[in-house]
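K.L.:
Pasting a structure here, questions to come.
Residue numbers (this note's numbering): 177 to 494.
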């Protein structure tokens with residue numbers, strides 16, 4: 177009966193009242209019964225026992241569809257985790273690679289339209305993870321421990337290119353007109369791919385990369401001759417970190433919901449500090465491993481959709 181009302185009502189059903197009395201789910205309805213469906217947003221959905229209780233083909237179909245979606249979701253999470261862990265073991269920045277346009281090309285090369293479909297294939301064992309990692313290595317040139325697995329990597333030309341750009345390529349940054357220059361990321365503003373950036377030549381320390389809107393970079397503008405053009409170019413070999421502040425009204429399971437949302441968004445939590453104020457306001461700060469600005473914007477939007485969260489934003493230097 178619950179599924180006849182609406183699929184969501186059926187999937188979140190936790191009990192029922194018939195003619196004012198609570199009855200078990202297998203209770204048989206009679207003509208003229210007054211039915212009240214009891215639902216809960218925290219319900220994890222139907223159990224497989226319901227297939228034996230449901231009396232209509234529509235209800236059984238909806239229950240089977242629910243489990244197919246659950247199985248696909250489990251396979252997707254397993255596949256993503258497997259690929260991330262494998263990439264980290266061979267020294268590739270997983271978060272940055274998986275959020276890059278180059279990875280979307282790899283997805284299509286392996287016969288899938290979306291990254292989620294590729295993760296499902298990995299999680300279900302239909303696609304070997306080695307197939308994907310080899311393609312990633314060919315794209316990034318990150319050979320390290322996994323080099324013997326890649327048969328098509330060029331030899332001498334690649335080595336010559338690596339010698340001329342290896343240091344700046346660590347972060348996927350091109351420094352105009354300079355080679356073999358040491359590149360450092362400013363700790364004050366922590367730029368990530370997609371940020372507008374500037375390069376400042378620090379005497380004896382190479383080029384320091386700042387966000388263009390960084391207050392420290394603006395203070396250095398008194399020496400304009402020491403700025404050099406820089407740009408994001410391709411994939412680097414390191415992961416980037418950002419700090420995100422989440423502000424919400426305290427409630428049960430809030431931290432659990434935030435952590436799950438971050439995990440579902442495909443980011444790693446490197447650190448966290450939580451504060452609950454006397455007025456019931458929660459201020460949680462997370463250090464996250466992020467691929468680029470686009471992924472960060474998606475993460476912030478997902479966090480803001482959580483119940484009682486009223487703000488989430490990137491923390492920048494003051």
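Note that beta-carbon positions come from the ideal geometry of N, C-alpha and C, so glycine has one too.
All of these numbers come straight from a predicted model, not from anything done at the bench.
Rank 425, 205, 480 and 415 by C-alpha distance to the C-alpha of residue 454 and give the top, closest one.
P.N.:
If you number the chain shown from 1, residue 454 lands on position 278. Per the Cα distances, 425.
K.L.:
List the endpoints of the continuous beta strand (DSSP E) containing residue 464.
P.N.:
The residue you call residue 464 lines up with position 288 of the chain shown. Start and end: 457-466.
K.L.:
Put residue 253 into one of helix, strand or coil per three-state DSSP.
P.N.:
Counting from one through the chain shown, the residue named residue 253 turns up at place 77. Residue 253: helix per DSSP, three-state reduction.
K.L.:
Which residues bound the alpha helix (DSSP H) around residue 295?
P.N.:
Taking the chain shown and counting its residues from 1, one reaches residue 295 at position 119. 291-299 is the extent of the alpha helix (DSSP H) around residue 295.
K.L.:
Do you know how far the Cα of residue 394 is from the Cα of residue 252?
P.N.:
In the chain shown, counting from the first residue as 1, residue 252 sits at position 76. In the chain shown, counting from the first residue as 1, residue 394 sits at position 218. The alpha-carbon atoms of residue 252 and residue 394 are separated by roughly 44 Å.
K.L.:
Roughly how many angstroms separate the alpha carbons of residue 341 and residue 236, rounded to a whole number?
P.N.:
The residue labelled residue 341 in the question sits at position 165 within the chain shown. The residue labelled residue 236 in the question sits at position 60 within the chain shown. With a pLDDT of 37 at residue 341, under the threshold of 50, the predicted position of this residue should be treated as unreliable, though the coordinate-derived value follows. Approximately 60 Å between the Cα atoms of the pair.
K.L.:
DSSP three-state label for residue 435, please.
P.N.:
Here residue 435 is taken as the residue at index 259 of the chain shown, counted from 1. Looking at residue 435 - three-state DSSP - the assignment turns out to be helix.
K.L.:
Taking only three categories from DSSP, how would you classify residue 282?
P.N.:
Taking the chain shown and counting its residues from 1, one reaches residue 282 at position 106. Looking at residue 282 - three-state DSSP - the assignment turns out to be helix.
K.L.:
Would you call the CB atoms of residue 417 and residue 372 closer than 7 Å?
P.N.:
Taking the first residue of the chain shown as position 1, residue 417 is located at position 241. Taking the first residue of the chain shown as position 1, residue 372 is located at position 196. Cβ distance not < 7 Å, so residue 417 and residue 372 don't count as in contact.
K.L.:
If you reduce the DSSP assignment to three classes, tell me which class residue 473 lands in.
P.N.:
As a position in the chain shown, residue 473 is number 297, starting the count at 1. It is helical.
K.L.:
Who are residue 403's beta bridge partners in DSSP?
P.N.:
Residue 403 sits at position 227 when you count from the first residue of the chain shown. Residue 403 is bridged to 376.
K.L.:
Taking the continuous beta strand (DSSP E) assigned at residue 446, which residues delimit it?
P.N.:
The residue labelled residue 446 in the question sits at position 270 within the chain shown. It spans 444-452 - the beta strand (DSSP E) in which residue 446 sits, taken as one unbroken run.
K.L.:
When the distance is taken between beta carbons, is residue 491 closer than 7 Å to residue 419?
P.N.:
Residue mapping note: residue 419 aligns to position 243 of the chain shown, counting from 1. Residue mapping note: residue 491 aligns to position 315 of the chain shown, counting from 1. Result yes, Cβ atoms of residue 419 and residue 491 sit closer than 7 Å.
K.L.:
I'd like the span of the beta strand (DSSP E) that includes residue 359, first residue to last.
P.N.:
Taking the chain shown and counting its residues from 1, one reaches residue 359 at position 183. Counting along the chain, the beta strand (DSSP E) containing residue 359 begins and ends at 359-361.
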